[in-house]
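Each residue of the sequence shown is one higher than the one before, starting from 0 at the first, in this note's numbering.
Presented below is the structure to which this report refers.
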Amino acid sequence: MSVIIDVSHHQGEINWSAAGTEVDLAILRVQDGSRVVDRQYAANAAGCKRNLVPFGNYAFCRFVSVNDALTEARDFWARGDKDALFWVADVEVKTMNDMRAGTQAFIDELRRLGARKVGLYVGHHTHGAFEADKVRADFKWIPRYSLKQPAFPCDLWQYTDKGHVGGIKGSVDLNRINGDKPLEWFLGEAPRGPSSPLGEAAALALTVVERLLKKN
């Protein structure tokens with residue numbers, strides 16, 4: 000089974016050289032609302048890149064209006080490393096009357112800014128109240144700390160907050176693929192540009208081979 004973690008500064012300093020031998024995908028917190036930048040984000044992104052760990056970005060959302068959601072999305076985009084494979088709106092707390100409208104505005108703004116894949120993380124207990132089934136996102140990520148799968152369709156399932164991975168002190172959230180999108184779908188947008196002169200597909204293939212050689 001693939002090892003997919005999500006981390007923030009609550010995990011402290013991570014030894015990505017050690018974690019990288021186990022982790023197939025990391026999802027890194029960039030910010031908590033617009034006012035709080037995750038203290039470990041820059042180090043985590045750099046550590047992932049240095050150790051060939053594929054990563055995505057997420058932002059804990061605290062918008063109180065549609066306009067505020069647009070501002071938070073812009074801050075998220077400005078602060079996040081553009082080599083991230085995807086971006087996620089983490090919507091857990093009720094901060095405005097129409098959470099669906101705020102969430103959709105946040106996601107749509109990220110797309111306008113250039114994000115190629117944008118996901119939605121939503122609480123299992125708030126899925127209905129937030130009308131998450133009506134939000135247009137590229138994938139859905141739901142926490143449910145149980146042996147039972149989420150009651151709602153989703154692509155990623157955060158199944159425990161008590162996982163353990165080398166290089167990380169204490170516990171860490173673990174996730175598993177739960178829908179019809181394989182791990183390769185999440186890894187399928189390799190960065191292009193000077194760092195990937197062979198093109199997207201070749202760069203991704205090279206990264207996968209390098210990681211396999213490193214693990215062995």
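Yeah, the Cβ is synthetic: ideal placement off N, Cα and C, and Gly gets one too.
Quantities reported herein were computed from a predicted structural model and do not represent experimental measurements.
(1) Since His123 contacts Arg143 with CB under 8 Å, what's their CB separation in whole angstroms?
(2) Taking 9 Å as the cut-off, decide whether the C-beta atoms of Leu69 and Glu108 are in contact.
(3) Nearest-angstrom Cα distance between Glu183 and Tyr40?
(4) Can you tell me which of Val63, Ala44 and Val87 puts its alpha carbon nearest to the alpha carbon of Ala136?
(5) Whole alpha helix (DSSP H) runs in the stretch 93-160 with 4 or more residues, listed along the chain?
(6) For Ile3, which residues does DSSP report across the bridge?
(7) Is it buried or exposed, Asn14, if we count other Cβ atoms within 10 angstroms and call 16 or more buried?
(8) Would you mind stating whether Gln157 and Asp5 have Cβ atoms separated by less than 9 Å?
(9) At 4 residues or longer, what runs of the alpha helix (DSSP H) sit wholly inside the stretch 34-85?
Inspection of the coordinates gives the following:
(1) Position 124 of the sequence shown, counted from the start, is the residue given in the question as residue 123. Position 144 of the sequence shown, counted from the start, is the residue given in the question as residue 143. Under the criterion of beta carbons closer than 8 Å, His123 and Arg143 qualify as touching, at roughly 5 Å.
(2) Counting from one through the sequence shown, the residue named residue 69 turns up at place 70. Counting from one through the sequence shown, the residue named residue 108 turns up at place 109. Taking 9 Å as the cut-off, the beta carbon of Leu69 is found closer than this to the beta carbon of Glu108.
(3) On the sequence shown, position 184 is the one that residue 183 refers to. On the sequence shown, position 41 is the one that residue 40 refers to. Linking Glu183 to Tyr40 through their CA atoms gives a straight-line distance of about 24 Å.
(4) Stepping through the sequence shown from its first residue, residue 136 is reached at position 137. The shortest Cα separation from Ala136 among Val63, Ala44 and Val87 belongs to Val87.
(5) Runs of the alpha helix (DSSP H) inside the stretch 93-160: 98-112.
(6) Against the sequence shown, residue 3 aligns to sequence position 4. Ile3 is bridged to Leu24 and Asn174.
(7) By 1-based counting over the sequence shown, the position of residue 14 is 15. By the 10 Å Cβ count, Asn14 comes out exposed.
(8) Along the sequence shown, read from residue 1 onward, the residue named residue 157 stands at position 158. Along the sequence shown, read from residue 1 onward, the residue named residue 5 stands at position 6. Yes, the Cβ-Cβ distance between Gln157 and Asp5 is below 9 Å.
(9) Runs of the alpha helix (DSSP H) inside the stretch 34-85: 40-49 and 65-78.
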